[in-house]
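Just remember that the working numbering sits 42 ahead of the position in the sequence shown, which is counted from 1. Cβ coordinates follow ideal geometry from the N, Cα and C atoms, glycine included. As structure tokens, the structure follows; a few thoughts come after it.
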Amino acid sequence: MKKRINTLMYDTDTAKKLGDLWSDYAPNDFRWWHEALYKKRSGEYFLFGEGGPMSQYSKFAYQGGPEDVTGGEDITPLNFEEARKWYENANNDDEKFAPNEVYEREFEADNLTDDPVDTYSIRLHKSTKIKLQRMAQQQKTDQSKIIENLINNS
43 MKKRINTLMY DTDTAKKLGD LWSDYAPNDF RWWHEALYKK RSGEYFLFGE GGPMSQYSKF
103 AYQGGPEDVT GGEDITPLNF EEARKWYENA NNDDEKFAPN EVYEREFEAD NLTDDPVDTY
163 SIRLHKSTKI KLQRMAQQQK TDQSKIIENL INNS
């Protein structure tokens, strides 16, 4: 799924999946739902969720009355702390879908720098954005690291 939120693109096909959380309901149950935590190359976390017509991901049907709902899906951006809490819950639910190794790598204090990461949205001319994307591809890194290096080394 792809979704643009506040000018930022979130795409489950290009982001790295960190873990899954499944409801206790069978997939043919209207209450069934599934969530997956993703991390973009730029470091932002987001949650992809899907579910049946009686889940938190239900949507109003395009046709029919106001009570007609169908299953749906959505993407929700998460900050670091929200992602960590979601992962802890998923890990407590079933470690095989949210492995300890991923938690240790992503969220344990020993693996984090003292300088926390924050998410910002900036406006760039289209040509500048294209140059930044090319630089990131050539250097096999993400765009935020290029910007940080430029600022820190000036």
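Under a 10 Å Cβ-count criterion, K82 is classified as buried, with 16 or more other Cβ atoms of the shown protein chains found around its own Cβ.
Residue range Y87 to G93 is occupied by the beta strand (DSSP E) that includes F90, with no alpha helix (DSSP H) assigned at that position. Taking each of E124, E150, N134 and S97 in turn and checking the Cα distance to V111, the smallest one comes out for S97. Residue environment for L192: exposed (fewer than 16 other C-beta atoms within 10 angstroms of its C-beta). As for any beta strand (DSSP E) of minimum length 3 sitting wholly inside the stretch 113–195, the runs are 114–120, ordered along the chain. The Cβ atoms of F72 and I117 do not sit closer than 8 Å to each other. E146 and Q105 have their C-alpha atoms roughly 47 Å apart. Counting along the chain, R46 sits inside the beta strand (DSSP E) bounded by residues K44 to I47.
In this chain, the beta strand (DSSP E) harbouring D62 covers K58 to W64. Ranking E92, L60, P119 and E109 by CA distance to the CA of I47 puts P119 first. Contact check for W74 and S65: beta-carbon distance about 5 Å, within the 8 Å limit, so the pair qualifies.
Per DSSP, the unbroken beta strand (DSSP E) holding M51 starts and ends at L50 to D53. For the set L63, G113, G93 and N70, the Cα lying nearest the Cα of A125 is the one of L63. With distances taken between CA atoms, Y67 lies nearest to G93 out of F139, A103, G93 and T161. Where A78 is concerned, the enclosing beta strand (DSSP E) starts and stops at W75 to K81. Cβ contact annotation for T161 (same chain, cutoff 6 Å, sequence separation greater than five): E86, in chain order.
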